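Novice:
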Amino acid sequence: MINKASKIKIYSTSWCGPCSSAKRLLTEKGFSYEEIDIEENGMSRDDLFNITGGRTVPQIVIDEKTLGGYDDLLELESSGQIFS
Numbered sequence: 001m002i003n004k005a006s007k008i009k010i011y012s013t014s015w016c017g018p019c020s021s022a023k024r025l026l027t028e029k030g031f032s033y034e035e036i037d038i039e040e041n042g043m044s045r046d047d048l049f050n051i052t053g054g055r056t057v058p059q060i061v062i063d064e065k066t067l068g069g070y071d072d073l074l075e076l077e078s079s080g081q082i083f084s
């Protein structure tokens, strides 16, 4: 479950549509998050994998646990485990 006290990080790129959608959803629901642009930070996909276990963006990390991507965020919202 995600609540307002959850610490959220989003690993993204500037050109990623699902990244923008995930950030927009969290913002609309009143959540703050830390965005880490992997390109701006010179991170490779291997670096991303070592941190999150995933190679695609976005990678969403909540309270130090990797959730996954935008589809995983939508699944949590539709199942009532987010934004309580």
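When the letters of the sequence shown are read in order and numbered with the numbering used here, they come out as residues 1 to 84.
Even glycine gets a Cβ: it sits at the ideal position worked out from N, Cα and C.
Owing to the predicted nature of the structure, the values given are computational and were not obtained by experimental measurement.
What did DSSP end up calling residue 42 once you bin it into helix, strand or coil?
Specialist: Residue numbering aside, residue 42 sits at position 42 when the sequence shown is read from its first letter. In this structure, residue 42 counts as coil in the three-state DSSP scheme.
Novice: Assuming residue 68 contacts residue 54 under a Cβ cut-off of 8 Å, what Cβ separation, rounded to an integer in Å, is found between them?
Specialist: Indexing the sequence shown from 1 puts residue 68 at position 68. Indexing the sequence shown from 1 puts residue 54 at position 54. With 8 Å as the limit, residue 68 and residue 54 qualify as a contact, their Cβ atoms being about 6 Å apart.
Novice: Using only CA atoms, which one of 49, 10, 48, 25 lies nearest to residue 75?
Specialist: Numbered from 1 along the sequence shown, position 75 holds the residue referred to as residue 75. It is 25.
Novice: Which residues bound the beta strand (DSSP E) around residue 72?
Specialist: Start at 1 with the first residue of the sequence shown, and residue 72 comes out as number 72. It is not in any beta strand (DSSP E) - residue 72 instead sits in the alpha helix (DSSP H) that spans 70-78.
Novice: If the criterion is Cβ atoms closer than 8 Å, does the pair residue 39 and residue 6 meet it?
Specialist: Residue 39 sits at position 39 when you count from the first residue of the sequence shown. Residue 6 sits at position 6 when you count from the first residue of the sequence shown. Taking 8 Å as the Cβ cut-off, residue 39 and residue 6 do not qualify as a contacting pair.
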